[in-house]
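Accompanying notes for the structure given below.
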Ligand code: MG
């Protein structure tokens, strides 16, 4: 049996194995009890297992007195926005984000629309695993209502961003291909792009959860999108993951510019209009430091995980932040990764630059991150990192999250995943060869201490 993964990023498991309706019910009831029968916004991505899990979560919420507002198939950022918009006490998105189709999970939000804190996540976990929740009598049960205005509200908020000149973007009539991988993106991205005056071709639009390819928007999964861009001769391509918090950009030649550059472009646009702090996680590209330096703005780094970045952004009043995996966070709308926001800002940047996307890429700082992983089987990531640290006596080490070894114009970051039983090894350098060499050097070390 696979392991149910419960972390600060929520719950993830394999359907029919570690993630059953029973598990979903326990978490629904735990979250419901914790919110004392308040109002909870519930959304889900398009996964085939979504309706089943949704029923179980709703049962948990209603049985503990919660008033559920079901907003249907919607993105994670849409649930975040609606939780705040509807003055709800919390929100849940049923999704396993970019994980393959056999996975599903739950992401929990608090009343402010941010993900729940690490402490609250731990409370939910304990209450769910120990079945610490209280059922209501028949006259105190919660209720279920539906709200179909969520996508409209989200789009309206994106179009109201202060960094966008909607009329000017509309006039440019960009030609765009977007791949929503049969996830929740089909319900929002094409509509948003049309509202921005784009001529849109949509791939894998149907929100049926039968992902046309591996759903993580990594270059290796974007071949269909690249081919279509070349065939149609368009300005830009976008790919989003099933719960639409990550956005990858492909240039007019069909070449993915790399998911790190989604945030780089968004940050450049925002900082050119409003100076302030930038907050990213420790795994995010050094390109962000270069761009922030260009505008004389400071960068702060946090542990990986959206909530860690979000809390720091709230605290230090950042103007832009996010994660290098294509997650753009703009506090003017909400402090959460939002692919619709990323798409809109990329179009504005493209408009203002007057260049093609491949020309823009040439003007941006050049770094390459090589991403690898080591399967852990049953071993604890903590022990592996402790063993590894002993080998790092002569290195400059940042221990914000796992181990980040910083060298001249390069770094390697080794940490246990929040969502999968693996150790991630990310290495960044000025070119792929150097990044891969750095990755390989440390992969060897990880394997040595894993054995
Ligand atoms: Mg996601």
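Residue numbers (this note's numbering): 754 to 1204. Ideal placement from N, C-alpha and C gives every residue a C-beta, glycine not left out.
Tell me, to the nearest whole angstrom, how far the beta carbon of residue i is from that of residue j; I am working on the premise that it is less than 8 angstroms.
| i | j | result |
| --- | --- | --- |
| residue 834 | residue 779 | Their Cβ separation, rounded to whole angstroms, is 27 angstroms, which puts residue 834 and residue 779 out of contact at 8 angstroms. |
| residue 1030 | residue 1070 | 7 angstroms |
| residue 1099 | residue 1018 | 6 angstroms |
| residue 866 | residue 837 | 4 angstroms |
| residue 1063 | residue 1088 | 5 angstroms |
| residue 962 | residue 800 | 4 angstroms |
| residue 1077 | residue 1033 | 7 angstroms |
| residue 858 | residue 848 | 6 angstroms |
| residue 1137 | residue 1203 | 6 angstroms |
| residue 1090 | residue 1153 | With 8 angstroms as the limit, residue 1090 and residue 1153 do not qualify as a contact, their Cβ atoms being about 19 angstroms apart. |
| residue 1171 | residue 1075 | Between residue 1075 and residue 1171 the Cβ distance is about 16 angstroms, and since that is not below 8 angstroms, they are no contact. |
| residue 856 | residue 767 | 6 angstroms |
| residue 820 | residue 896 | 5 angstroms |
| residue 1114 | residue 1014 | 7 angstroms |
| residue 1000 | residue 1092 | 4 angstroms |
| residue 934 | residue 943 | Contact doesn't hold; Cβ gap of about 13 angstroms is too wide. |
| residue 974 | residue 967 | 5 angstroms |
Taking 8 angstroms as the threshold (C-beta atoms), are residue j and residue i in contact?
| i | j | result |
| --- | --- | --- |
| residue 1110 | residue 1010 | yes |
| residue 1072 | residue 985 | no |
| residue 794 | residue 839 | yes |
| residue 822 | residue 777 | no |
| residue 932 | residue 992 | yes |
| residue 1052 | residue 1060 | no |
| residue 1169 | residue 1135 | yes |
| residue 825 | residue 796 | yes |
| residue 1198 | residue 1141 | yes |
| residue 830 | residue 998 | yes |
| residue 1046 | residue 1127 | no |
| residue 828 | residue 937 | yes |
| residue 755 | residue 771 | yes |
| residue 978 | residue 1003 | yes |
| residue 762 | residue 994 | no |
| residue 1048 | residue 1124 | no |
| residue 1120 | residue 1039 | yes |
| residue 1274 | residue 945 | In the structure as shown, the chain starts at 754 and stops at 1204, and residue 1274 therefore has no counterpart that could be examined. |
| residue 852 | residue 765 | yes |
| residue 846 | residue 996 | yes |
When you measure from the CB of residue i to every non-hydrogen atom of the ligand ZN, does any distance come out below 7 angstroms?
| i | result |
| --- | --- |
| residue 829 | The ligand ZN is absent from the structure shown, which contains only the ligand MG. |
Inset, instruction - Would you list, in sequence order, the uninterrupted beta strand (DSSP E) runs of no fewer than 3 residues that lie entirely inside the region 815 to 867? - result: 820 to 826, 843 to 847 and 856 to 863
Legend entry - Meets three-Cβ-pair contact criterion under 8 angstroms: the region 784 to 796 and the region 875 to 883: yes
Legend entry - 4-residue-minimum alpha helix (DSSP H) runs that sit fully inside the region 956 to 1038, ordered along the chain: 976 to 985 and 1013 to 1026
Inset, instruction - Any chance you could list the alpha helix (DSSP H) runs of at least 4 consecutive residues sitting entirely within the region 930 to 954, in chain order? - result: 942 to 948
Inset, instruction - Enumerate, from N- to C-terminal direction, the unbroken beta strand (DSSP E) stretches of 3 or more residues contained entirely within the region 1137 to 1204. - result: 1149 to 1151, 1156 to 1160, 1163 to 1169 and 1175 to 1182
Legend entry - In chain order, each alpha helix (DSSP H) run of at least 4 residues that lies wholly inside the region 867 to 904: 871 to 882
Inset, instruction - Kindly confirm or deny that the region 898 to 907 and the region 1076 to 1084 touch, where touching means at least three C-beta pairs closer than 8 angstroms. - result: no
Inset, instruction - Kindly provide the ranges of any beta strand (DSSP E) runs that are 3 or more residues long and lie completely inside the region 1082 to 1148, ordered along the chain. - result: 1121 to 1128
Inset, instruction - Determine, using beta-carbon pairs with one atom in the region 999 to 1007 and one in the region 965 to 983, whether at least three such pairs fall under 8 angstroms. - result: yes
Inset, instruction - Please determine if the region 1179 to 1194 and the region 1144 to 1164 are in contact, where contact requires at least 3 C-beta pairs separated by less than 8 angstroms. - result: yes
Legend entry - Whole runs of the beta strand (DSSP E) within the region 772 to 811, excluding any shorter than 3 residues: 792 to 797
Inset, instruction - Only counting runs of 4 or more residues, tell me where the alpha helix (DSSP H) segments fall wholly within the region 1051 to 1078, in order along the chain. - result: 1059 to 1069
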